[in-house]
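Input: a single structure, listed below in structure tokens.
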Amino acid sequence: MARSATSTFGKRLAQKKGFLLAVYALLAAELAIASMVANYIRKNPDVQEKLRKYYWLRLLVTFAVLIPLVFVPGLPIAVKIFLFTCIAILIGASSMAASKYIEADTIRGALIATASVFVTMSIFGLGLAALGVDLGFLTWILFAGLIGLIVAYITLLFVEVSRTIAKVIFGFAVTLFSIYIAYDTNMILGRDYSGDFVQAALDFFLDVINLFSSLLNFGSD
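Take a look at the structure:
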């Protein structure tokens with residue numbers, strides 16, 4: 176049984192080799208763009224201050240770009256990559272807009288932890304796929320957790336809570352997005368993306384960005 180599962184995994188991996196290379200190449204490029212934007216914002220306090228004043232506008236624009244990318248079918252790949260890049264720029268800017276009160280060491284630690292978790296959970300997801308374990312059963316469980324997290328985040332915007340409760344929420348977010356990385360890695364071999372490597376890369380990108388943000392909030396005072 177294990178040998179059969181491994182053989183099937185090997186065939187899927189060979190079939191999707193080019194697709195996976197495109198996914199990870201685009202993911203690396205978009206993360207690099209987000210990082211460069213974030214670094215620029217952090218080094219320019221005046222720009223950082225202006226962005227901080229327009230939190231809701233940044234949020235609305237990000238969702239306005241994200242919604243067609245996720246929900247509008249049949250968009251040309253070039254258009255999807257353009258929208259993806261816009262999202263990377265917006266998220267890179269937003270991630271540093273509130274970083275004035277976060278220590279550089281905390282940001283560095285969150286970056287290292289994010290990279291470590293991504294590699295570890297990706298390997299874990301691939302390992303489960305090699306053993307024939309399909310994580311599809313987690314789809315609705317993770318979705319329910321995501322909805323609960325969104326509700327918690329909205330609550331944090333309007334209700335002052337203790338640092339302990341906030342840490343619990345951010346700790347849950349770290350756990351959720353870590354599992355999402357393993358889930359997306361596992362599912363990418365079985366899900367039919369019809370060659371849409373942009374959607375697969377976007378799934379990973381959102382996992383990584385949300386994980387980094389959660390680690391940043393969890394580690395800050």
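Numbering (our numbering) for the sequence shown: 176 to 396.
Every residue gets a Cβ at the ideal spot worked out from N, C-alpha and C, and that includes glycine.
Unbroken alpha helix (DSSP H) run spanning residue i, endpoints
i	result
residue 214	192–217
residue 300	279–305
residue 240	230–246
residue 388	372–394
residue 312	Looking at the DSSP string, residue 312 is not in any alpha helix (DSSP H), and its letter there is neither H nor E.
residue 354	338–362
Which listed residue (the options) has its alpha carbon closest to that of residue i
i	options	result
residue 303	359, 336, 279	359
residue 269	230, 221, 193	230
residue 210	262, 257, 189, 252	262
residue 384	395, 330, 310, 348	348
residue 313	281, 330, 362	362
residue 380	189, 193, 200, 194	200
residue 120	331, 264, 332, 239	This structure does not reach residue 120, given that the chain is present from 176 up to 396, and the question cannot be answered.
Distance between residue j and residue i (C-alpha atoms, nearest Å)
i	j	result
residue 233	residue 266	9 Å
residue 366	residue 191	11 Å
residue 290	residue 253	28 Å
residue 354	residue 382	9 Å
residue 247	residue 219	36 Å
residue 315	residue 321	10 Å
residue 325	residue 351	12 Å
residue 213	residue 236	17 Å
residue 287	residue 317	25 Å
residue 284	residue 386	13 Å
residue 195	residue 336	42 Å
residue 388	residue 307	32 Å
residue 204	residue 378	14 Å
residue 295	residue 327	27 Å
residue 279	residue 223	15 Å
Exposed unless 16 or more other CB atoms sit within 10 angstroms - verdict on residue i
i	result
residue 339	exposed
residue 390	buried
residue 216	buried
residue 206	buried
residue 198	buried
residue 305	buried
residue 244	buried
residue 282	buried
Whether residue i touches residue j by CB criterion (7 Å)
i	j	result
residue 345	residue 299	no
residue 373	residue 242	no
residue 356	residue 259	no
residue 376	residue 202	yes
residue 187	residue 364	yes
residue 369	residue 277	no
Heavy atom of the ligand MN within 6 Å of residue i beta-carbon
i	result
residue 206	With respect to the ligand MN, the structure shown offers nothing to examine, as it has no ligands at all.
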